[in-house]
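Position in the sequence shown counted from 1, then plus 7, gives you the working numbering. By construction, the Cβ of each residue, glycine as well, lies at the ideal position given by its N, Cα and C atoms. A quick write-up on the structure given underneath.
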Amino acid sequence: MADLIQQPQLMVGDGWDHYALIDSGDGRKFEQFGPYRFIRPEPQAMWTPQNSAWQADGEFIPGADEDGGGRWHLSDKVPAHGWPSSWRETRFTATCTPFRHLGFFPDMAPVWEWMREQLADKSEAQTLNLFGYTGVGTQALSQCGPVTHVDASKKSVAQARENATLAGMENRAIRWLVDDAAKFAAREVRRENRYDGIILDPPKFGRGPKNETWRIEEGLAPLVRDCRALLDNDSRFLFLTVYAVRMSSLSLAGLFDEVFAGLPGMIEHGDLAVRQQHDGRLLPTAIFARWSNPG
Ligand SMILES: C[S@@+](CC[C@H](N)C(=O)[O-])C[C@H]1O[C@@H](n2cnc3c(N)ncnc32)[C@H](O)[C@@H]1O
Numbered sequence: 008m009a010d011l012i013q014q015p016q017l018m019v020g021d022g023w024d025h026y027a028l029i030d031s032g033d034g035r036k037f038e039q040f041g042p043y044r045f046i047r048p049e050p051q052a053m054w055t056p057q058n059s060a061w062q063a064d065g066e067f068i069p070g071a072d073e074d075g076g077g078r079w080h081l082s083d084k085v086p087a088h089g090w091p092s093s094w095r096e097t098r099f100t101a102t103c104t105p106f107r108h109l110g111f112f113p114d115m116a117p118v119w120e121w122m123r124e125q126l127a128d129k130s131e132a133q134t135l136n137l138f139g140y141t142g143v144g145t146q147a148l149s150q151c152g153p154v155t156h157v158d159a160s161k162k163s164v165a166q167a168r169e170n171a172t173l174a175g176m177e178n179r180a181i182r183w184l185v186d187d188a189a190k191f192a193a194r195e196v197r198r199e200n201r202y203d204g205i206i207l208d209p210p211k212f213g214r215g216p217k218n219e220t221w222r223i224e225e226g227l228a229p230l231v232r233d234c235r236a237l238l239d240n241d242s243r244f245l246f247l248t249v250y251a252v253r254m255s256s257l258s259l260a261g262l263f264d265e266v267f268a269g270l271p272g273m274i275e276h277g278d279l280a281v282r283q284q285h286d287g288r289l290l291p292t293a294i295f296a297r298w299s300n301p302g
């Protein structure tokens with residue numbers, strides 16, 4: 008019943024006072040995170056940079072294998088324990104992590120906005136953030152109602168709680184769970200629980216808290232099916248992002264088309280991108296599929 012929009016869509020994030028994509032090219036990107044500027048590897052930036060003389064406070068030099076290894080080369084200016092950052096009313100600590108990240112994913116900003124728009128007419132909307140990391144998305148959703156935040160990393164969930172306290176949201180209805188996302192979703196299905204909205208942003212490969220193995224090629228379809236079982240005619244959305252894998256958003260759309268056959272609404276898919284500050288060039292960061300139901 009859900010209508011599949013075949014034409015790929017673009018979800019574009021512009022910078023804000025705590026994040027901007029300044030330039031990119033030659034397999035790297037140059038970004039502003041609050042008061043600091045960093046260079047990070049970006050294989051998709053195959054064009055020539057606007058300006059080759061990037062003055063950065065730090066650079067992440069990748070290791071031999073594409074997915075792991077590598078380390079930051081930082082100037083003394085960059086605080087070892089991070090610095091305060093924000094998006095809208097959310098608050099969090101930005102910091103250079105061993106995995107080339109900065110403690111949050113700025114390209115998710117248009118997704119956080121879109122989810123809130125889907126819930127605008129609902130009060131006390133129940134949402135689920137699977138692979139929630141440091142919880143900026145959870146903070147954004149908590150404005151609409153209770154949120155269940157699930158991540159396998161004890162450290163990430165602790166940081167997510169700390170971030171919520173920084174934002175003065177420590178008393179909001181947020182369940183902080185250290186768990187394997189696939190196991191948690193399957194358990195919720197058995198419990199016959201339901202949600203108004205679900206977001207999942209899985210890595211290519213990951214480990215659960217009890218060493219469960221997550222491989223996206225194997226685990227994604229069953230997980231999307233379980234998430235579908237947690238939604239009903241009155242639910243508003245399921246949002247999936249996928250990155251760093253050999254997959255097209257069309258294949259995600261094909262899966263959603265089958266899985267959401269029994270629900271009303273719309274299925275869209277496409278690219279998530281960040282708009283470069285000076286020339287508006289779009290840097291793709293992930294692919295997505297989304298089901299939405301205006302209710
Ligand atoms: C790309 S990050 C998610 C980013 C998040 N959506 C955000 O916007 O901040 C992927 C997360 O998946 C978590 N993870 C990896 N394997 C997992 C698993 N089996 N179950 C639950 N979380 C897992 C990692 O700890 C990491 O925080």
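Self-check item: Test item: CB-CB of Ala60 and Ile46 under 7 Å
Solution: Residue mapping note: residue 60 aligns to position 53 of the sequence shown, counting from 1. Residue mapping note: residue 46 aligns to position 39 of the sequence shown, counting from 1. No. Outside cutoff.
Practice problem: Within the region 77 to 113, note down every full beta strand (DSSP E) run reaching 3 residues or more, in order along the chain. | Solution: 78 to 81, 90 to 94, 97 to 101
Quiz prompt | CB of Gln303 within 7 Å of CB of Ala174, strictly | solution = With the chain running from 8 to 302 in the structure shown, residue 303 is simply not present.
Practice problem: Decide if Asn170 is buried, meaning its Cβ has at least 16 other Cβ atoms within 10 Å, or exposed. | Solution: Working through the sequence shown from its first residue, we reach residue 170 at position 163. Asn170 is buried by the Cβ-count criterion.
Quiz item: According to DSSP, which residues form a beta bridge with Met273?
Solution: Counting from one through the sequence shown, the residue named residue 273 turns up at place 266. According to DSSP, Met273 bridges with Asp10, Ser299.
Quiz prompt | Contact between the region 161 to 170 and the region 217 to 232 (3+ Cβ pairs under 8 Å) | solution = no
Quiz item: According to DSSP, which residues form a beta bridge with Met18?
Solution: Numbered from 1 along the sequence shown, position 11 holds the residue referred to as residue 18. Bridge partners of Met18: Leu279.
Exercise. Excluding the 5 residues preceding and the 5 following Lys277 in the sequence, name in chain order all residues of the same chain whose CB lies nearer than 6 Å to its CB.
Key: The residue labelled residue 277 in the question sits at position 270 within the sequence shown. For the record, residue 277 in the displayed sequence is Gly; it is not Lys. Cβ within range, chain order: Pro15, Gln16, Leu17, Ser256.
Exercise. Report whether the distance from the Cβ of Phe106 to the nearest heavy atom of ligand 1 is below 6 Å.
Key: On the sequence shown, residue 106 is found 99 positions in, with the first residue counted as 1. Incorrect: Phe106 has no Cβ contact closer than 6 Å to ligand 1.
Self-check item: Cutoff 8 Å; reference Ile294; Cβ partners in own chain excluding five residues on either side
Solution: Numbered from 1 along the sequence shown, position 287 holds the residue referred to as residue 294. Contacts found: Thr248, Val249, Tyr250, Met254, Ser255, Ser256, Leu259, His276, Gly277, Asp278, Leu279.
Quiz item: So who's on the other strand from Val154, going by DSSP bridges?
Solution: Here residue 154 corresponds to residue number 147 of the sequence shown, with the count starting at 1. For Val154, which the question treats as bridged, DSSP gives the partners Thr134, Ile181.
Practice problem: On the DSSP bridge assignment, give the partners of Tyr26 in chain order. | Solution: Position 19 of the sequence shown, counted from the start, is the residue given in the question as residue 26. The partner list for Tyr26 (beta bridge, DSSP) reads Trp23, Phe40.
Quiz item: Nearest CA to the CA of Ala193: which residue from Val85, Ile206, Glu96, Arg235?
Solution: In the sequence shown, the residue the question calls residue 193 occupies position 186. Of Val85, Ile206, Glu96, Arg235, the residue nearest in Cα terms is Arg235.
Practice problem: Examine ligand 1 and report whether any of its heavy atoms sits within less than 6 Å of the Cβ of Asp128. | Solution: Position 121 of the sequence shown holds residue 128. It does not: the Cβ of Asp128 is nowhere closer than 6 Å to a heavy atom of ligand 1.
Quiz item: With DSSP run on the structure shown, which of helix, strand or coil describes Glu224?
Solution: Within the sequence shown, residue 224 is the residue found at index 217, counting from 1. Looking at Glu224 - three-state DSSP - the assignment turns out to be helix.
Practice problem: Tell me, please, which residues DSSP counts as bridged to Val249. | Solution: One-based indexing of the sequence shown puts residue 249 at position 242. Beta-bridge pairing links Val249 to Ile294.
Self-check item: CB contact flag (Phe244, Gln125, <7 Å)
Solution: Stepping through the sequence shown from its first residue, residue 244 is reached at position 237. Stepping through the sequence shown from its first residue, residue 125 is reached at position 118. Contact flag set, yes.
Quiz item: Is any heavy atom in ligand 1 found nearer than 6 Å to the beta carbon of Ser160?
Solution: The residue labelled residue 160 in the question sits at position 153 within the sequence shown. Yes, the Cβ of Ser160 comes within 6 Å of a heavy atom of ligand 1.
Practice problem: Provide the residue(s) that pair with Pro6 in DSSP beta bridges, ordered along the chain. | Solution: Lying before the first or after the last residue shown, residue 6 is absent from the chain, which here runs from 8 to 302.
Practice problem: Taking Arg179 as the reference, give the member of Phe67, Leu148, Lys162, Asp186 with the closest Cα. | Solution: Residue 179 sits at position 172 when you count from the first residue of the sequence shown. Answer by Cα proximity: Leu148.
Quiz item: Where Arg201 and Leu238 are concerned, what is the direct C-alpha to C-alpha distance, given to the nearest angstrom?
Solution: By 1-based counting over the sequence shown, the position of residue 201 is 194. By 1-based counting over the sequence shown, the position of residue 238 is 231. Distance between the alpha carbons of Arg201 and Leu238 is about 6 Å.
Quiz item: Cβ of Pro210 within 6 Å of any heavy atom in ligand 1?
Solution: The residue you call residue 210 lines up with position 203 of the sequence shown. Yes, since a heavy atom of ligand 1 falls inside the 6 Å radius drawn around the Cβ of Pro210.
Quiz item: Which same chain residues, not among the five before or five after Asp186, have their C-beta less than 6 Å away from its C-beta?
Solution: Taking the sequence shown and counting its residues from 1, the one referred to as residue 186 is at position 179. Same-chain partners within the cutoff: Val157.
Quiz item: Alpha carbon to alpha carbon, how far is Arg44 from Tyr140?
Solution: For this step, residue 44 is matched to residue 37 along the sequence shown. For this step, residue 140 is matched to residue 133 along the sequence shown. Spanning the two alpha carbons is a distance of roughly 23 Å.
Exercise. Could you tell me the distance, in whole angstroms, from the CA atom of Asp114 to the CA atom of Phe191?
Key: Counting from 1 along the sequence shown, the entry for residue 114 is found at position 107. Counting from 1 along the sequence shown, the entry for residue 191 is found at position 184. In a straight line, the C-alpha of Asp114 is about 26 Å away from that of Phe191.
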